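Here the sequence shown is numbered in the numbering used here, starting from 2 and rising by one per residue.
Where is the CB? At the ideal position from N, CA and C, for every residue including glycine.
No experiment lies behind these values; they were computed from the predicted model shown.
Single-structure report; data block below.
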Amino acid sequence: MRVILLGPPGAGKGTQAVRLVERWGVPHISTGDILRANVREGTPLGQEAKRYMDAGDLVPDDVIVGMVGDRLAEPDAATGFLLDGFPRTVPQARALEALVNERDTPIDVVLRLVVDQDDVVARLTGRRTCAECGRIFHVDTDPPSQPGRCDDCGGDIVQRDDDREEVVLNRLEVHRTQTAPLEDFYFERGVLRDISAVGSVDEVTDRAVAVLTEYDAPADGGDAA
Ligand code: AMP
2 MRVILLGPPG
12 AGKGTQAVRL
22 VERWGVPHIS
32 TGDILRANVR
42 EGTPLGQEAK
52 RYMDAGDLVP
62 DDVIVGMVGD
72 RLAEPDAATG
82 FLLDGFPRTV
92 PQARALEALV
102 NERDTPIDVV
112 LRLVVDQDDV
122 VARLTGRRTC
132 AECGRIFHVD
142 TDPPSQPGRC
152 DDCGGDIVQR
162 DDDREEVVLN
172 RLEVHRTQTA
182 PLEDFYFERG
192 VLRDISAVGS
202 VDEVTDRAVA
212 VLTEYDAPAD
222 GGDAA
């Protein structure tokens, strides 16, 4: 199963990705998570990426494409993967296409999470993230049981620097101008499928599972929550 999750920042890609990879037993490849890990560890890649991320701008295509190429070459990605936050530009999509064609492992489906811009601003500015394990919470709709502490690992819950309102507005503009054109790119290739990202997390997961099951049965037989 080779899947791309598409949709604006705040559509719920990260939240859904975690649930879907559990069912299908494929790696969750989130370019944002890989970049944030590099920033935390202070690697040269992280140092270069940080200034773009803090402003809500995109990290240059060549940096991202090299990073994803390396990740897809790891053994766990041989039988499938779920890409979250990549590709984000048409040049990235072309580079990915070249890579998967070379290996004769085409993308099965591009699942687009559809949501209104106003919803997205509220989702992102209220979003909080565990600094340790990356679990996502929301101040209104999904708060942690203990304020400031992750329910899963006990780590500190923080607001991502790029979830501040002024950065959110730039990220949405970047999405509109640079990432939205990918919808046509994948529509023309006949792999684009839309689901509504409005409703509860479970409802959206159910819609995503219904579409993905058309392409490949879940590895767990579909019983996982
Ligand atoms: P995300 O967690 O997917 O919202 O990504 C956070 C930030 O990382 C973005 O605002 C970009 O600065 C950077 N980033 C993540 N994925 C990409 C990508 N595919 N291309 C360029 N920049 C990216």
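Check, Outcome
"Leu112 - DSSP class collapsed to helix/strand/coil", "strand"
"Outcome for Arg3 when other beta-carbon atoms lying within 10 angstroms are tallied against a minimum of 16", "buried"
"Contiguous alpha helix (DSSP H) assignments of at least 4 residues, all confined to the region 132-210", "166-175, 182-189"
"Spatial distance of Ala215 from Asp162 (CA atoms)", "Per the sequence presented here, residue 215 reads as Glu, with Ala not at that position. In a straight line, the C-alpha of Glu215 is about 38 Å away from that of Asp162."
"Own chain partners of Gly57 with C-beta closer than 6 Å, once the 5 adjacent residues on each side are dropped", "Asp163, Val168, Asn171, Arg172"
"Every unbroken alpha helix (DSSP H) inside the region 59-85 [4 residues or more]", "62-73"
"Check: Ile158 C-beta below 7 Å from any heavy atom of ligand 1", "no"
"Per-residue DSSP class, three states only, for Arg128", "strand"
"Val27: first and last residue of the uninterrupted alpha helix (DSSP H) it sits in", "Premise fails: Val27 is in no alpha helix (DSSP H) and is neither H nor E."
"Alpha carbon of Gly70 to alpha carbon of Glu189, nearest angstrom", "24 Å"
"Cβ-heavy atom distance, Thr30 to ligand 1, below 7 Å", "The sequence shown places Ile at residue 30, rather than the Thr named in the question. Ile30 Cβ: outside cutoff for every heavy atom of ligand 1."
"Other residues of its chain near Val40: CB distance less than 6 Å, five sequence neighbours each side excluded", "Gly47, Lys51"
"Three-way DSSP call (helix, strand, coil) for Arg104 in this model", "coil"
"Proximity test, Leu59 beta-carbon vs ligand 2 heavy atom, cut-off 7 Å", "In the structure on display, ligand 2 does not appear, and the ligands it does have are ligand 1."
"Assigned exposure category for Cys1 - 16 Cβ within 10 Å defines buried", "The structure shown does not extend to residue 1, since the chain is modelled only from 2 through 226, so no value can be given for it."
"Extent of the continuous alpha helix (DSSP H) run through Arg52", "45-56"
"Near ligand 1: Gly86 beta-carbon under 7 Å from a heavy atom", "yes"
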